[in-house]
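Heads up: the structure comes next, in structure tokens.
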Amino acid sequence: MAALIEYLPKDSPVHRLNALTKFFWALFTLGFGLLFNDYRYLLALLASVLLVAALARVLQNLLPVISGLTVFAAMLFLIQTLFYNQGQVLFYLIPGVDWVPVTFQGLLSGLAMAARMMTIILSFLVFLATTRTQDIVLTLVEKFKIPYDYAFMFLTALRFIPSFLNEVKMVSAAQQARGHAIEGINPFKKIKSYAPVMIPLVLLSINKAENIAMAMETKGYCGGHRTSLRETKMKHADYLLTAALILLLVSSAAARAAGYGAT
Amino acid sequence: MSRKSLLKVENLTFKYGAEPPVLKNISLDIAGGECIAVIGQNGAGKTTLAKHFNGMLKPVSGKFYVGGKDTGQLKVSVLARTVGYVFQNPDHQIFHDTVAKEVAFGLKNFQLPNELITARVAAALEAVGLTAHHATYPFNLSKGQRQRVALASVLALQTEVIILDEPTTGQDYRESMQIMNLVKQLHQNGHTVIFITHDMSLVAEFAQRAVVLCDGKILADGGVRSVFSQPELLQKTFLKPPQITALAQSLNGYAVPPDILKVEEMYELLKTRGEEIGCFN
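Residue numbers (the working numbering), protein chains in the order written: chain A, 1 to 263; chain B, 1 to 281.
Structure (structure tokens):
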């Protein structure tokens, strides 16, 4: 779980690409995913994202996330099939009285929804796993002209999640070691029993934020004009790929407008 | 001392996810009433091993028994009645608005009667020297004091086994001694004490047995005296025996035994030697 959104330093063609190109790719996947409703298009898109992950040699690391997402995908699929009641009825979940019809179209739209959710999330995870966070920030600041403060905020928030998850583990272990157990079916009792974990976490986070602020100031944050050691350069491959992606997105938008991949 | 085995580790191997194993095939047998120091470099697996002792981590392969019971199925909150664990960072557990309430937390979890809770809280606070701070907001205390609040909150549980992960970090010398004397007292009262430390002089002074971990394996396990008298072995994991032991070892050619642990021992030895050969006349 902690490795969910961390940069995985590896040597792969995907890692060598410019952050901007990979960001375009993730946006393209998002656009393509939202454009089409046909399950075949979305499954193909999912396959392409997995292929990129394999090419970047991060597929192995993403496997736990993929299996976690599959659970959500299955839930989406189930909900979609249960509540979509148009089209050709395959069978009734409660036979005899003909309640809860499961339709062929329902199955397909459930499949499409599940594939879309997985594709969009995975594409951003692949982007984050293959791009150094510093490069992301640099791109945001230099290419998208986002103020450095906001970009830094984004970076810090991103970095905060894995260490926060780690702290959740530590705190709940420390409380369990004093005989504390999160239990009970009564939701109010259950919420109350989370307090011993939640309170130290909040205090730790506030404390950490203060420390970060202090460390930033001592390192001269906001001390004037910033220069950067690393330069993000677009190479030929980056231009080529970005152009291809934009072309693909435009043509698929045209195709969608012409009526392809609607359902 | 041949007491009955209390904690037993059998061929324990542990790894975090797909990473290489942190602990490799560890076997240990700890009798009730022992006082053990776990030493080794950073990253040797000391804390990982200690976390198995109260069931926070479960072995990937191998077994761990507490009082003959396999901990594989036991919950941490259940094991907590037998094994108390003092963490390195007190801020991972403190959440009450007074020190006394914080110390009472575990006792309340065990659903002990109120009078007993009050008595035990008072005793534990006295033991760590924080009686005067019983109504203080814990975050107004210094880190060292908070560390002792955490210690008191585990002491109050009066568990059979007490594990301390670097209990003297962030304490000054006087506070360290205070904590370690407390450890000694617990041991004398029959508790089994296991502590992790980087301070070899504390090991020499307070532990009976030392377990040296190196790269996830047990490099040495035995009486403190015998472990410290093997400097070559300690060298492998970049540990140094206490200075007085090192001095004794470099004087080994002059009929000084290599296993001296305390300054007083050296003093006595030199004094009797001196008297024997008439140095002081």
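No residue lacks a Cβ here, since even glycine has one placed at the ideal position from N, Cα and C. Just so it is clear, the structure is predicted and the values come from calculations on it, not from any experiment.
Inset, instruction - Please name the residue, chosen from B:249, B:208 and B:139, that lies closest to residue 33 (chain B) on a Cα-to-Cα basis. - result: Position 33 of the second sequence, counted from the start, is the residue given in the question as residue 33 (chain B). The option with the nearest alpha carbon to residue 33 (chain B) is B:208.
Inset, instruction - Provide the residue(s) that pair with residue 64 (chain B) in DSSP beta bridges, ordered along the chain. - result: Start at 1 with the first residue of the second sequence, and residue 64 (chain B) comes out as number 64. In DSSP, residue 64 (chain B) forms a bridge with B:9.
Legend entry - Three CB pairs or more closer than 8 Å across the region 171-189 of chain A and the region 74-85 of chain B: yes
Inset, instruction - Scan the region 118-189 of chain A and note each continuous alpha helix (DSSP H) run of 4 residues or more that stays entirely inside, going in chain order. - result: 133-142 and 148-176
Inset, instruction - Could you tell me whether the region 215-229 of chain B touches the region 28-44 of chain B, using the rule of 3 or more Cβ pairs below 8 Å? - result: yes
Inset, instruction - Compute the distance between the beta-carbons of residue 30 (chain B) and residue 7 (chain B), then report whether it is under 7 Å. - result: In the second sequence, the residue the question calls residue 30 (chain B) occupies position 30. In the second sequence, the residue the question calls residue 7 (chain B) occupies position 7. Yes, the Cβ-Cβ distance between residue 30 (chain B) and residue 7 (chain B) is below 7 Å.
Legend entry - Any C-beta of chain A under 7 Å from that of residue 67 (chain B): On the second sequence, residue 67 (chain B) is found 67 positions in, with the first residue counted as 1. With 7 Å as the cut-off, residue 67 (chain B) does not count as an interface residue toward chain A.
Legend entry - Nearest residue (CA-CA) to residue 11 (chain A), options A:56, A:203, A:31 and A:171: Counting from 1 along the first sequence, the entry for residue 11 (chain A) is found at position 11. Residue A:56 is the option with its Cα nearest to residue 11 (chain A).
Legend entry - residue 70 (chain A) beta carbon less than 7 Å from that of residue 106 (chain A): Within the first sequence, the letter at position 106 stands for residue 106 (chain A). Within the first sequence, the letter at position 70 stands for residue 70 (chain A). The answer is no: Cβ separation not under 7 Å.
Inset, instruction - Could you tell me whether any Cβ in chain A is nearer than 7 Å to the Cβ of residue 137 (chain B)? - result: Residue 137 (chain B) sits at position 137 when you count from the first residue of the second sequence. Cβ-Cβ to chain A under 7 Å: no for residue 137 (chain B).
Inset, instruction - Closer than 8 Å by C-beta to residue 57 (chain B): which residues in its own chain qualify, once you throw out the five before and the five after it? Chain order, please. - result: Against the second sequence, residue 57 (chain B) aligns to sequence position 57. 14, 48 and 51.
Legend entry - CB contact check: residue 199 (chain A) to chain B, cutoff 7 Å: What you label residue 199 (chain A) is simply residue 199 of the first sequence in a count that begins at 1. Chain B, which has a Cβ nearer than 7 Å to the Cβ of residue 199 (chain A), makes this yes.
Legend entry - Proximity winner among A:255, A:127, A:182 and A:141, relative to residue 17 (chain A) (alpha-carbon distances): Taking the first sequence and counting its residues from 1, the one referred to as residue 17 (chain A) is at position 17. If we check each option's Cα against that of residue 17 (chain A), A:127 comes out closest.
Inset, instruction - Could you spell out the range, first to last residue, of the beta strand (DSSP E) harbouring residue 17 (chain A)? - result: Here residue 17 (chain A) refers to the residue found at position 17 when the first sequence is read from its first residue. It is not in any beta strand (DSSP E) - residue 17 (chain A) carries neither H nor E in the DSSP assignment.
Legend entry - Among B:193, B:92 and B:146, nearest to residue 165 (chain A) - alpha-carbon criterion: Translated into the one-based positions of the first sequence, residue 165 (chain A) becomes position 165. Checking every option, the nearest Cα to that of residue 165 (chain A) belongs to B:92.
Legend entry - Endpoints, the alpha helix (DSSP H) within which residue 120 (chain B) is located: Along the second sequence, read from residue 1 onward, the residue named residue 120 (chain B) stands at position 120. 114-127 is the extent of the alpha helix (DSSP H) around residue 120 (chain B).
Inset, instruction - Look at the alpha carbon of residue 192 (chain A) and the alpha carbon of residue 106 (chain B), and state the distance between them as a whole number of angstroms. - result: Taking the first sequence and counting its residues from 1, the one referred to as residue 192 (chain A) is at position 192. Taking the second sequence and counting its residues from 1, the one referred to as residue 106 (chain B) is at position 106. Roughly 16 Å between the two C-alpha positions.
Legend entry - For residue 70 (chain A), the three-state DSSP class (helix, strand or coil): Position 70 of the first sequence holds residue 70 (chain A). Three-state result, residue 70 (chain A): helix.
Legend entry - Residue-level contact to chain B via CB, residue 196 (chain A), 7 Å cutoff: The residue given as residue 196 (chain A) occupies position 196 in the first sequence. Closer than 7 Å: yes.
Inset, instruction - Would you kindly work out how many angstroms separate the C-alpha atoms of residue 145 (chain A) and residue 223 (chain A), rounded to a whole number? - result: By one-based count along the first sequence, residue 145 (chain A) stands at place 145. By one-based count along the first sequence, residue 223 (chain A) stands at place 223. Approximately 19 Å, taken between the alpha carbons.
Legend entry - Three-pair Cβ contact test at 8 Å for the region 170-182 of chain B versus the region 243-261 of chain A: no
Inset, instruction - Please work out which residues of its chain come closer than 7 Å, Cβ to Cβ, to residue 253 (chain A), disregarding the five sequence neighbours upstream and downstream, and give them in chain order. - result: As a working mapping, residue 253 (chain A) is identified with position 253 in the first sequence. Same-chain partners within the cutoff: 35.
Inset, instruction - Check whether the region 97-104 of chain B touches the region 153-170 of chain A, taking contact to mean three or more Cβ pairs, one atom from each stretch, closer than 8 Å. - result: no
Inset, instruction - Using beta-carbon positions only, say whether residue 40 (chain B) and residue 245 (chain B) come within less than 7 Å of one another. - result: Translated into the one-based positions of the second sequence, residue 40 (chain B) becomes position 40. Translated into the one-based positions of the second sequence, residue 245 (chain B) becomes position 245. Going by C-beta atoms, residue 40 (chain B) is not nearer than 7 Å to residue 245 (chain B).
Legend entry - Interface partners of residue 57 (chain A) on chain B, CB under 8 Å: Along the first sequence, one-based indexing puts residue 57 (chain A) at 57. Correct list: empty, because the minimum Cβ distance to chain B is about 14 Å.
Legend entry - Exposure of residue 123 (chain A), with buried meaning 16 or more beta-carbon neighbours within 10 Å: To locate residue 123 (chain A), count along the first sequence from 1; it is residue 123. Residue 123 (chain A) is buried by the Cβ-count criterion.
Inset, instruction - Would you tell me roughly how many angstroms separate the C-alpha atoms of residue 127 (chain B) and residue 186 (chain B), rounded to the nearest one? - result: As a position in the second sequence, residue 127 (chain B) is number 127, starting the count at 1. As a position in the second sequence, residue 186 (chain B) is number 186, starting the count at 1. Answer to the nearest angstrom: the Cα atoms are 10 Å apart.
Legend entry - Any alpha helix (DSSP H) of 4 or more consecutive residues that is wholly inside the region 39-112 of chain A: 39-55 and 59-83
Inset, instruction - From the DSSP output, read off the bridge partner residues of residue 85 (chain B). - result: Taking the second sequence and counting its residues from 1, the one referred to as residue 85 (chain B) is at position 85. The partner list for residue 85 (chain B) (beta bridge, DSSP) reads B:163.
Inset, instruction - Find out if the Cβ-Cβ distance for the pair residue 104 (chain A), residue 93 (chain A) is shorter than 7 Å. - result: Here residue 104 (chain A) refers to the residue found at position 104 of the first sequence. Here residue 93 (chain A) refers to the residue found at position 93 of the first sequence. Taking 7 Å as the Cβ cut-off, residue 104 (chain A) and residue 93 (chain A) do not qualify as a contacting pair.
Inset, instruction - Could you please give the first and the last residue of the uninterrupted beta strand (DSSP E) stretch that includes residue 209 (chain B)? - result: Taking the second sequence and counting its residues from 1, the one referred to as residue 209 (chain B) is at position 209. Residue 209 (chain B) -> beta strand (DSSP E) spans 209-214.
Inset, instruction - Could you tell me which chain A residues have their CB closer than 9 Å to the CB of residue 85 (chain B), listed as they occur along the chain? - result: In the second sequence, residue 85 (chain B) corresponds to position 85, counting from 1. Those within 9 Å of residue 85 (chain B) in chain A are 173, 174, 177 and 178.
Inset, instruction - Could you name the residues of chain A that residue 109 (chain B) contacts, counting a contact when the two beta carbons are closer than 7 Å? - result: By 1-based counting over the second sequence, the position of residue 109 (chain B) is 109. Correct list: 178, 179 and 180.
Legend entry - residue 101 (chain B) - containing alpha helix (DSSP H), residue span: Translated into the one-based positions of the second sequence, residue 101 (chain B) becomes position 101. Looking at the DSSP string, the run of the alpha helix (DSSP H) that includes residue 101 (chain B) is 99-109.
Legend entry - Pick from A:120, A:72, A:108 and A:198 that is closest to residue 261 (chain A), judged by C-alpha positions: Along the first sequence, read from residue 1 onward, the residue named residue 261 (chain A) stands at position 261. It is A:108.
Inset, instruction - Measure from the C-beta of residue 204 (chain A) to each C-beta in chain B and report whether the shortest distance is under 7 Å. - result: In the first sequence, residue 204 (chain A) corresponds to position 204, counting from 1. Closer than 7 Å: yes.
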